[in-house]
Amino acid sequence: MRVLIAGGGTGGHFYPALAVMEEFTRHHKGVKLAYVGTRRGIEARIFPSYPWVSFFSIHVRGLERGNVPQNLYSLLLLLISFVETLIVLLRFRPQVVIGMG
Numbered sequence: 089m090r091v092l093i094a095g096g097g098t099g100g101h102f103y104p105a106l107a108v109m110e111e112f113t114r115h116h117k118g119v120k121l122a123y124v125g126t127r128r129g130i131e132a133r134i135f136p137s138y139p140w141v142s143f144f145s146i147h148v149r150g151l152e153r154g155n156v157p158q159n160l161y162s163l164l165l166l167l168i169s170f171v172e173t174l175i176v177l178l179r180f181r182p183q184v185v186i187g188m189g
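Sequence positions in the sequence shown follow the numbering used here and run 89 to 189.
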């Protein structure tokens, strides 16, 4: 079974995802796990110590109230992250997708 989990760049998303992955590993022998997050999030610093999880990073950022130029840039990144996500889905071919957050 191939399981893909996606979450935001905070511990509130990451640590529950990590617990879910550990349970999948415990109950499903041979499960392949992957996580989609950002390069700037907590996951980018912690996943190198979890070699049994494939980590994919995408370019994404939130919107900022009242900052039109940054929000236009965020919309461009949204299009880029959409393409990056399609590539991840085609490469990993998950059977289960879980969103955290």
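Beta carbons are placed, not taken as given, at the ideal position from N, Cα and C, and that holds for glycine.
Check                                                                                                                                                               : Outcome
With a floor of 4 residues, list each alpha helix (DSSP H) that falls wholly inside the stretch 90 to 159, ordered by position along the chain.                     : 99 to 115 and 130 to 134
State whether the stretch 111 to 119 contacts the stretch 143 to 152, with contact taken as three or more CB pairs (one from each stretch) at a distance under 8 Å. : no
Measuring only the C-alpha atoms, how far is T98 from L106?                                                                                                         : 12 Å
What do you get for E111, buried or exposed, if any count of 16 or more other CB atoms within 10 angstroms of its CB means buried?                                  : exposed
Using only the alpha-carbon positions, how far apart do L160 and K120 sit?                                                                                          : 36 Å
Per DSSP, V185 is paired with what?                                                                                                                                 : L92
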